[in-house]
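Scroll down for the structure; my scribbles are underneath it.
2 protein chains.
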Amino acid sequence: MATGRTHRPATRSRGIPEATVARLPLYLRALTALSERSVPTVSSEELAAAAGVNSAKLRKDFSYLGSYGTRGVGYDVEYLVYQISRELGLTQDWPVVIVGIGNLGAALANYGGFASRGFRVAALIDADPAMAGKPVAGIPVQHSDDLEKIIQDNGVSIGVIATPAGAAQAVCDRLVAAGVTSILNFAPTVLSVPDGVDVRKVDLSIELQILAFHEQRKAGEEAASDGGVPTAAARGESADQGPDGDMPAVMPA
Amino acid sequence: MATGRTHRPATRSRGIPEATVARLPLYLRALTALSERSVPTVSSEELAAAAGVNSAKLRKDFSYLGSYGTRGVGYDVEYLVYQISRELGLTQDWPVVIVGIGNLGAALANYGGFASRGFRVAALIDADPAMAGKPVAGIPVQHSDDLEKIIQDNGVSIGVIATPAGAAQAVCDRLVAAGVTSILNFAPTVLSVPDGVDVRKVDLSIELQILAFHEQRKAGEEAASDGGVPTAAARGESADQGPDGDMPAVMPA
DNA sequence: CCATCTTTGTGCACGCGTTCACAAAGACAT
DNA sequence: ATGTCTTTGTGAACGCGTGCACAAAGATGG
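Residue numbers (UniProt numbering), protein chains in the order written: chain A, 1 to 253; chain B, 1 to 253.
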């Protein structure tokens, strides 16, 4: 998961495994594309290919929702779109606030995928008084002093944190106190929240570091086996770094 | 995972489980914070709390790297920072290109966490000729015609895709052909890549949908049990939607 | 109405990840 | 040097997720 999930103690909600829930949006996207092309039905094999998963896994995932397929034919695209949307709660309107309108916050506000599926940017909030009133993506930025009032007036239960790391926990606390129970955190910090509040984090830096790990491993293996075309990474200054550092290095203290 | 991981067939690289690799950056961040506060040593219990994980899990994670702790004392912060950095490949320099300099791409280019740990934005690439030469985050945007040359000249092996969904696969193909072997994808599409290429995806829309699922579940449970303070979500127009829709709904065809 | 063929839904086995619980190891005081 | 106390490192059990493989279901053609 490019995304780390919260450390919920395996709360299998309503019998649907967490791993399945995480894949439903993927299926929904593929199905929506099919729907736009007016494809009436789709087999588990085709849909699985479009979503990039195993077909057995997809069938098992759908089996948690109920028996929505027809043997010998496949799944009705429109019907499945509706069922998954309903299961994910996308048939209702979710007002969302974005806190921290810097580069990232502005990018999120402008992001089209927001409005597309039940999500509506109810307000943009920033701590900088100079930002107040300035429109971003057509929505005027409001000052964070009014955070609680904004949350309550709009019935917001989902908050997006795009502030610097230092401000994230304080913002989080205020959001939760005001009634927000789901938080999407872009700040590079571990947020602590009371039980019953969900936090998901998106962390660019962590994703890059995971890629770097695998990249290093690939470069190391390649240098060892010397097979295949040399990658762009395997050039120049790798002389001082062994491919697999097993030496004790410099033990401090 | 905000993060969904690639469907690699459980490639346990060098004996370090994938789940552990995904947590190493988290530990590294907590350790760096300790290091800046000049804390000399830390116990698994303290560090686990800071990283938001179970202490036994943390110890097992570290055990894959080697025996770097001292019983009765804990872990040497500086030493551990170095070991994890080395394991993740952050002791070397990773030039990165960002393709697609829209709102998101610009936000990524400006993101400080990029440069902080071994990553260096080598180039910004966009398909819009009007963008060419315009500086973003102090780096002039280059046209995508020169993509292959840029990759090769800079020895880039990690690419970030921040283009619209429609362009993502084509950009991906060109990146891979030019020698990129790790891709961080922000476009809402499933990318198909040859073996040996890692893809991690960051998908705002998917994260929000997962939150919506849990949010809906919470609202449903609350309406059923009627315990605790009503959340901001449990207001108004939930009359037409049963808390647990088990009725057959409208079966098409 | 029957045979055939396609595709779903799922029982089952396997492997990974998590957590508990404890023995081994070392620091530290006396 | 010896005992005590803290904390690591890990064996073992458990649970979840994945994928195979197949029986059941239904469509389709004759």
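Here a beta-carbon is modelled for each residue, glycine too, at the ideal position from N, C-alpha and C.
- At a beta-carbon threshold of 8 Å, the residues of chain A lying near GLU207 (chain B) are THR3, LEU184, ARG200, VAL202, ordered along the chain.
- In the displayed model, ALA56 (chain A) falls within a helix according to three-state DSSP.
- The beta-carbon of PRO25 (chain B) is placed less than 8 Å from the nearest beta-carbon of chain A.
- Within chain B, no residue has its beta carbon less than 7 Å from that of GLY74 (chain A); the closest one is some 12 Å off.
- Within chain A, the residues placing a beta-carbon under 9 Å from that of GLU215 (chain B) are GLY89, TRP94, SER157, ILE158, THR181, SER182, ASP198, ordered along the chain.
- In this structure, the CA atom of VAL180 (chain A) is about 15 Å from the CA atom of PHE213 (chain B).
- Nearest Cα to GLU207 (chain B) within the set A:PHE186, A:THR163, A:VAL171: A:PHE186.
- For the 8 Å CB-CB criterion, VAL193 (chain A) and VAL176 (chain A) form a contact.
- At least 8 Å separates the CB of LYS134 (chain B) from every CB of chain A.
- Taking a Cβ-Cβ cut-off of 9 Å, TYR64 (chain A) has no neighbours in chain B, whose nearest Cβ is about 12 Å from it.
- Residue A:TYR82 holds the alpha-carbon nearest to the alpha-carbon of PRO25 (chain A) among A:PRO40, A:GLU45, A:TYR82, A:GLN209.
- The shortest C-alpha to C-alpha distance from LYS57 (chain B) to any of B:ALA19, B:GLY72, B:VAL39, B:ALA123 is the one to B:ALA19.
- Per DSSP, the unbroken alpha helix (DSSP H) holding VAL81 (chain B) starts and ends at 77-88.
- With respect to the C-alpha of LEU124 (chain B), the residue from B:LYS149, B:GLN92, B:VAL42 having the closest C-alpha is B:LYS149.
- Per DSSP, the unbroken beta strand (DSSP E) holding ALA122 (chain B) starts and ends at 119-126.
- Collapsing the DSSP output to three states places LEU104 (chain B) in a helix.
- GLN169 (chain B) carries a helical assignment under DSSP once its states are collapsed to helix, strand and coil.
- ALA130 (chain A) counts as exposed, since fewer than 16 other C-beta atoms from the protein chains shown sit within 10 angstroms of its C-beta.
- Note on the stretch 174-223 of chain B: whole beta strand (DSSP E) runs with a minimum of 3 residues are 182-185, 198-201, in chain order.
- Close partners of GLY113 (chain A) in chain B (Cβ separation under 8 Å): PRO188, LEU204, SER205.
- Nearest C-alpha to LEU80 (chain A) among A:GLY72, A:ARG71, A:ASP93, A:LEU65: A:LEU65.
- Between the stretch 141-155 of chain A and the stretch 136-150 of chain B there are fewer than three inter-stretch CB-CB distances shorter than 8 Å, so the stretches are not counted as touching.
- Neighbourhood of VAL42 (chain A) in chain B, by CB distance below 7 Å: empty, with the nearest CB roughly 14 Å away.
- Annotated three-state conformation of GLN92 (chain A) is coil, per DSSP.
- 8 Å or more divides the Cβ of GLY133 (chain A) from the Cβ of TRP94 (chain A).
- Judged by DSSP in its simplified three-state form, VAL21 (chain A) adopts helix.
- About 19 Å separates the CB atoms of LEU90 (chain A) and ILE98 (chain A); that is not less than 8 Å, and the two are not in contact.
- Setting aside the 5 residues that flank it on each side, SER43 (chain A) is surrounded in the same chain by GLY74, each with a C-beta closer than 7 Å to its C-beta; the list follows chain order.
- LEU211 (chain A) is not a Cβ neighbour of SER116 (chain B), given a cutoff of 8 Å.
- Residue-level contact by beta carbon holds for VAL21 (chain A) and chain B, with a gap shorter than 8 Å.
- Where GLY155 (chain A) is concerned, there is no enclosing beta strand (DSSP E), because DSSP gives it neither an H nor an E.
- In the three-state scheme derived from DSSP, where H, G and I count as helix and E and B as strand, THR70 (chain B) is classed as strand.
- Taking 8 Å as the CB threshold, LYS149 (chain B) stays off the interface with chain A.
- Judged by beta-carbon spacing, ASN103 (chain B) lies beyond the 8 Å limit of ALA167 (chain A), meaning their Cβ atoms are not closer than that value.
- Comparing alpha-carbon positions, the option among A:THR41, A:VAL197, A:ASP61 lying closest to ARG71 (chain A) turns out to be A:THR41.
- Under the Cβ criterion of 8 Å, ILE210 (chain A) is counted among the residues facing chain B.
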